[in-house]
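Here is the structure we will look at, set down as structure tokens.
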Amino acid sequence: MSYSTFNRKHFDSTKEPMFFGENVNVARYDQQKHPIFEKLIEKQLSFFWRPEEVDLSTDRKDFQRLEEHEQHIFLSNLKYQTLLDSVQGRSPNVALLPIVSLPELETWIETWSFSETIHSRSYTHIIRNIVNDPTVIFDDIVTNKEITKRADSVSKYYDQLIEMVNIYNTMGLGTFNIPGKGDIEISMKALKKALYLTVASVNVLEAVRFYVSFACSFGFAERTLMEGNAKIIKLIARDEALHLTGTQHMLNLMASGKDDPEMATIAAECKENMRNIFIEAAQQEKEWATYLFKDGSMIGLNAEILGQYVEYITNVRMQAVGLDTHFETKHNPIPWINAWLVSDNVQVAPQEAEISSYLVGQTDNSLDDSDFDDFDL
Amino acid sequence: MTSTSKQTSLQRSEKVHRVLLGKQQILVTEDEPLLAQLERAGIHVEYQCREGYCSSCSIKLLWGHVSYPSEPLAWVQSGYLLACCAIVKSDIEIAFFAN
Numbered sequence: 001m002s003y004s005t006f007n008r009k010h011f012d013s014t015k016e017p018m019f020f021g022e023n024v025n026v027a028r029y030d031q032q033k034h035p036i037f038e039k040l041i042e043k044q045l046s047f048f049w050r051p052e053e054v055d056l057s058t059d060r061k062d063f064q065r066l067e068e069h070e071q072h073i074f075l076s077n078l079k080y081q082t083l084l085d086s087v088q089g090r091s092p093n094v095a096l097l098p099i100v101s102l103p104e105l106e107t108w109i110e111t112w113s114f115s116e117t118i119h120s121r122s123y124t125h126i127i128r129n130i131v132n133d134p135t136v137i138f139d140d141i142v143t144n145k146e147i148t149k150r151a152d153s154v155s156k157y158y159d160q161l162i163e164m165v166n167i168y169n170t171m172g173l174g175t176f177n178i179p180g181k182g183d184i185e186i187s188m189k190a191l192k193k194a195l196y197l198t199v200a201s202v203n204v205l206e207a208v209r210f211y212v213s214f215a216c217s218f219g220f221a222e223r224t225l226m227e228g229n230a231k232i233i234k235l236i237a238r239d240e241a242l243h244l245t246g247t248q249h250m251l252n253l254m255a256s257g258k259d260d261p262e263m264a265t266i267a268a269e270c271k272e273n274m275r276n277i278f279i280e281a282a283q284q285e286k287e288w289a290t291y292l293f294k295d296g297s298m299i300g301l302n303a304e305i306l307g308q309y310v311e312y313i314t315n316v317r318m319q320a321v322g323l324d325t326h327f328e329t330k331h332n333p334i335p336w337i338n339a340w341l342v343s344d345n346v347q348v349a350p351q352e353a354e355i356s357s358y359l360v361g362q363t364d365n366s367l368d369d370s371d372f373d374d375f376d377l
Numbered sequence: 001m002t003s004t005s006k007q008t009s010l011q012r013s014e015k016v017h018r019v020l021l022g023k024q025q026i027l028v029t030e031d032e033p034l035l036a037q038l039e040r041a042g043i044h045v046e047y048q049c050r051e052g053y054c055s056s057c058s059i060k061l062l063w064g065h066v067s068y069p070s071e072p073l074a075w076v077q078s079g080y081l082l083a084c085c086a087i088v089k090s091d092i093e094i095a096f097f098a099n
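Which chain is which? The protein sequence lines are A and B, in order.
Read in UniProt numbering, the first sequence has 118 at position 118, and its numbers run on one by one without any break.
Read in UniProt numbering, the second sequence has 5 at position 5, and its numbers run on one by one without any break.
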């Protein structure tokens, strides 16, 4: 069961489950058990962007003109997003690559995680632009209680899965006494349960946890403030929506039993846990909104409206993974946010800014004589 | 001389279907996805990507038939439709939240 970087067994990878089957050997994409992951890779690659493409020179002046409580809102959100993407830039790789069994899913995980590292780099780009000493901001991420509280919630399922898989890869199945932790049971069922809850928690991270920050960034941009930042957040939101689809597919494939029959039982057993992960995250996000606005609101947004938005978006995301909705809020209290979240609505002059879904070198080779019917010489 | 684009516009379907949403009734055609037509009718639908990968515009399909010109990237739960890319193919009834 120990991990091999090139499994020497000869087997048909299209017959393997997504996780806990054979370690992947040949990275081949001509055949796939779940073609969706190949499609997600292609989509993510077509989204490629670099933070330096976005000019932030006006943001620096804007930031200096913000009121102190607005600077608190802006910087706190940046810190929180930095935390989330620090986790996401490594954890899918560390937790999932040792147990993945399909080449297309393995590469999707790597592609997904890589795109998170671009998000992290963009926070450095933004922070370096608006403050003189970025270290003050970055250091606060590991000491600020409001942030570290959230760090526990977003990393605990990952950490548990990683610990269990480490034991499994060295010791195999059984119950093992780990110094300082007591007896830990490593069974296939316990491993799969830890996996399911990890994917559920990541789904919630990308489905709910980012959205208070997104709303604030677009709230500033509605007032034509911090518009460079909003442009970057738009690109990040587009990536996150795609990642979200990735975990929704994993969860729904697991629950359907089509990929691994035992996962269907586990998904059914974990349904209540998954509900609770959504509800706990929504609660934390509402508390976060209160923390953001503790010294004052910003025009168009306050803790109450953001709380309703959290409830609303949580309902939408719960429904997407087959859960009943939990909150009463059935209408979006800030419908203007969708115009910002949509990818391609601000690009009026491509020479002045990047087109957000620009495919490099895309040409159409399937030309037919009839395509020239409109031409008169 | 006819061009392909002109031919396409002439072939636009004249089919009109009814969409029931609670007590409201909206008439839609098969010419474009449901989302844009609901918006024109003044109905707010949650959306994000508008190209079938984010699943934000997932709506309960109580009965009736829709089709997708190309398969969306998002997972479409059974009994739901993705408004941004679904073409309505019969009279349908929709609802925003399942419970």
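Each residue gets a CB set at the ideal place from its N, CA and C atoms; glycine is no exception.
Being a predicted model, the structure only gives us computed values, none of them experimental.
Legend entry - Three CB pairs or more closer than 8 Å across the stretch 288-302 of chain A and the stretch 212-221 of chain A: Contact between the stretch 288-302 of chain A and the stretch 212-221 of chain A is present, because at least three Cβ pairs lie under 8 Å.
Inset, instruction - Using only alpha-carbon positions, find the residue among A:Asp85, A:Asp12, A:Gln319 that is nearest to Gly236 of chain A. - result: Per the sequence shown, residue 236 of chain A should be read as Ile rather than Gly. Minimum Cα distance to Ile236 of chain A is reached at A:Asp85.
Legend entry - Length of the line joining the Cα atoms of residue 409 of chain A and Tyr29 of chain A: The displayed coordinates of chain A run from 1 to 377. Any statement about residue 409 of chain A would go beyond what the structure contains.
Legend entry - Any 3 or more C-beta pairs closer than 8 Å across the stretch 110-128 of chain A and the stretch 14-30 of chain A: Result no; under three Cβ-Cβ pairs closer than 8 Å.
Inset, instruction - Please look up how many angstroms separate the CB atoms of residue 461 of chain A and Phe210 of chain A, rounded, as I've assumed it's under 8 Å. - result: Because chain A in this structure spans residues 1 to 377, residue 461 of chain A falls outside the shown range and cannot be described.
Legend entry - is_contact[Ala241 of chain A, chain B] using C-beta, thresh 8 Å: At a cut-off of 8 Å between C-beta atoms, Ala241 of chain A counts as an interface residue with respect to chain B.
Inset, instruction - Express the C-alpha separation of Ile232 of chain A and Trp49 of chain A in angstroms, rounding to a whole number. - result: Pairing Trp49 of chain A with Ile232 of chain A, the inter-Cα distance amounts to about 10 Å.
Legend entry - Under 9 Å by beta carbon: chain B residues contacting Ser343 of chain A: Close partners of Ser343 of chain A in chain B (Cβ separation under 9 Å): Gln48, Cys49, Arg50, Glu51.
Legend entry - Residue interval of the beta strand (DSSP E) (run including Ala281 of chain A): For Ala281 of chain A, there is no enclosing beta strand (DSSP E); the residue is part of the alpha helix (DSSP H) that begins and ends at 271-292.
Legend entry - Buried or exposed (CB count within 10 angstroms, at least 16 for buried), His10 of chain A: Taking all protein chains shown into account, His10 of chain A has fewer than 16 neighbouring C-beta atoms within 10 Å of its C-beta and is therefore exposed.
Legend entry - Beta carbon proximity, Glu354 of chain A to chain B, threshold 8 Å: At Glu354 of chain A, the pLDDT of 45 sits below 50, so the modelled position is not reliable; the number obtained from the coordinates is stated separately. Taking Cβ atoms only, chain B never reaches closer than 8 Å to Glu354 of chain A, which makes this a no.
Legend entry - Sequence-distant residues of the same chain with beta carbon closer than 6 Å to Val204 of chain A, five excluded per side: These residues qualify, in order along the chain: Ile277, Phe278, Ala281.
Legend entry - Cutoff 8 Å: Ser70 of chain B Cβ touching any chain A Cβ: Answer no: the Cβ-Cβ gap between Ser70 of chain B and chain A never drops below 8 Å.
Inset, instruction - Taking 8 Å as the cut-off, decide whether the C-beta atoms of Met18 of chain A and Met188 of chain A are in contact. - result: No. Outside cutoff.
Inset, instruction - Kindly indicate which three-state DSSP category Arg18 of chain B falls into: helix, strand or coil? - result: Arg18 of chain B falls in the strand class under three-state DSSP.
Inset, instruction - Answer yes or no: do Ile41 of chain A and Thr111 of chain A have a C-beta to C-beta separation smaller than 8 Å? - result: Yes, they are a contact pair.
Legend entry - Cutoff 8 Å: Ile279 of chain A Cβ touching any chain B Cβ: No, Ile279 of chain A does not count as interfacial toward chain B.
Inset, instruction - Can you give me the Cβ contacts of Gly246 of chain A inside the same chain, cut-off strictly under 7 Å, excluding the 5 residues immediately before and after it? - result: Result list for Gly246 of chain A: Leu40, Trp108, Trp112, in chain order.
Inset, instruction - Taking Arg65 of chain A as the reference, give the member of A:Val131, A:Leu97, A:Asp12 with the closest Cα. - result: Comparing Cα-Cα distances from Arg65 of chain A to each of A:Val131, A:Leu97, A:Asp12, the minimum goes to A:Val131.
Legend entry - residue 103 of chain B at chain A interface by Cβ criterion, 8 Å: The requested residue 103 of chain B does not occur in the structure, where chain B is confined to residues 1 to 99.
Legend entry - Pro335 of chain A at chain B interface by Cβ criterion, 8 Å: Taking Cβ atoms only, chain B reaches closer than 8 Å to Pro335 of chain A, which makes this a yes.
Legend entry - Beta-carbon separation (whole angstroms), Leu83 of chain A vs Arg150 of chain A, contact threshold 8 Å: With 8 Å as the limit, Leu83 of chain A and Arg150 of chain A qualify as a contact, their Cβ atoms being about 7 Å apart.
Inset, instruction - Could you check the C-alpha separation between Ser91 of chain A and Val76 of chain B for me, to the nearest Å? - result: Those two C-alpha atoms are separated by around 27 Å.
Inset, instruction - Have a look at the DSSP bridge pairing and note the partners of Ile184 of chain A. - result: As computed with DSSP, Ile184 of chain A is found in a beta bridge with A:Phe176.
Legend entry - Short CB-CB distance (under 8 Å) between Gln24 of chain B and chain A: Chain A contact via Cβ: absent.
Inset, instruction - Kindly indicate which residue of B:Cys84, B:Trp63, B:Gly79, B:Ser78 has the alpha-carbon position closest to the one of Pro72 of chain B. - result: That would be B:Cys84, whose Cα lies nearest to the Cα of Pro72 of chain B.
Legend entry - Asn203 of chain A: contacting residues in chain B (beta-carbon distance under 8 Å): Those do not exist, as Asn203 of chain A stays about 11 Å from chain B at its closest Cβ, beyond 8 Å.
Inset, instruction - Report the rounded CA-to-CA distance for Val136 of chain A versus Thr148 of chain A, giving the unit in angstroms. - result: Distance between the alpha carbons of Val136 of chain A and Thr148 of chain A: 16 Å.
Inset, instruction - Output yes or no for whether 8 Å exceeds the beta carbon distance between Pro134 of chain A and Thr124 of chain A. - result: Yes, the pair counts as a contact, with Cβ atoms nearer than the cut-off.
Inset, instruction - Tell me where the alpha helix (DSSP H) around Ala221 of chain A begins and ends. - result: Note, Ala221 of chain A: alpha helix (DSSP H), 211-222.
Legend entry - Short CB-CB distance (under 8 Å) between Val165 of chain A and chain D: Of the chains in the structure shown, none is chain D; the protein chains are A and B.
Legend entry - Terminal residues of the alpha helix (DSSP H) in which Trp108 of chain A lies: DSSP places Trp108 of chain A in the uninterrupted alpha helix (DSSP H) bounded by 103-130.
Inset, instruction - State whether the stretch 44-63 of chain A contacts the stretch 87-102 of chain A, with contact taken as three or more CB pairs (one from each stretch) at a distance under 8 Å. - result: Not touching, per the Cβ criterion.
Legend entry - Cβ separation of Phe47 of chain A and Asp239 of chain A, assumed to be a contact under 8 Å, to the nearest whole Å: For a cut-off of 8 Å, the C-beta gap from Phe47 of chain A to Asp239 of chain A is around 6 Å, short enough to register as a contact.
Inset, instruction - Return the residue from the list B:Val28, B:Gln48, B:Glu39 that minimises the CA-CA distance to Val342 of chain A. - result: The option with the nearest alpha carbon to Val342 of chain A is B:Gln48.
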